[in-house]
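Undergrad: Residue numbers (this note's numbering): 777 to 857.
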Amino acid sequence: MPEPLWLVRPRPDGGCDYVSFQLQPALEAASLTTVEMREGSHMPPQMPLLKRRHRLDPAEAERCRLQLQQEGGFQSSEPLF
Numbered sequence: 777m778p779e780p781l782w783l784v785r786p787r788p789d790g791g792c793d794y795v796s797f798q799l800q801p802a803l804e805a806a807s808l809t810t811v812e813m814r815e816g817s818h819m820p821p822q823m824p825l826l827k828r829r830h831r832l833d834p835a836e837a838e839r840c841r842l843q844l845q846q847e848g849g850f851q852s853s854e855p856l857f
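#1: Give the C-beta separation of residue 785 and residue 849 to the nearest angstrom, bearing in mind that I take them to be a contact with Cβ-Cβ under 8 Å.
#2: Touch check for the segment 790-799 and the segment 811-818: three-plus C-beta pairs under 8 Å?
#3: Grouping DSSP H, G and I as helix and E and B as strand, with all else coil, what is residue 832?
#4: On the DSSP bridge list, what partners appear for residue 786?
#5: Only counting the same chain, and skipping five residues up and downstream in sequence, which positions put a Cβ closer than 8 Å to that of residue 826?
#6: By the three-class DSSP mapping on this structure, what secondary structure does residue 779 have?
Listed below in structure tokens is the structure:
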């Protein structure tokens, strides 16, 4: 996941649920690179609501992305904001 990745799922109320994945460089030379996963919702024109934030290893982030797309109904998207 070299670039930020956004997944979006529309809601019946006109808003959407989103998950974004962003690569986070290692802070220490010995540390591994992690992926920050942010989960939230957005109802324009309101500010987005951040519900959860996780740091995952890249392999776990990829598994999570596949599960969200296959089982959660999320689709790839351009950044929402």
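We put the beta carbon where it would ideally sit given N, CA and C, even for glycine. Treat the numbers as computed from the prediction; the structure is a model and nothing was measured.
TA: A quick look at the data gives this:
#1: At roughly 5 Å, the Cβ-Cβ gap stays under 8 Å, so residue 785 and residue 849 are in contact.
#2: These segments touch.
#3: strand
#4: 792
#5: Taken in chain order, the residues that qualify are 814, 815 and 816.
#6: coil
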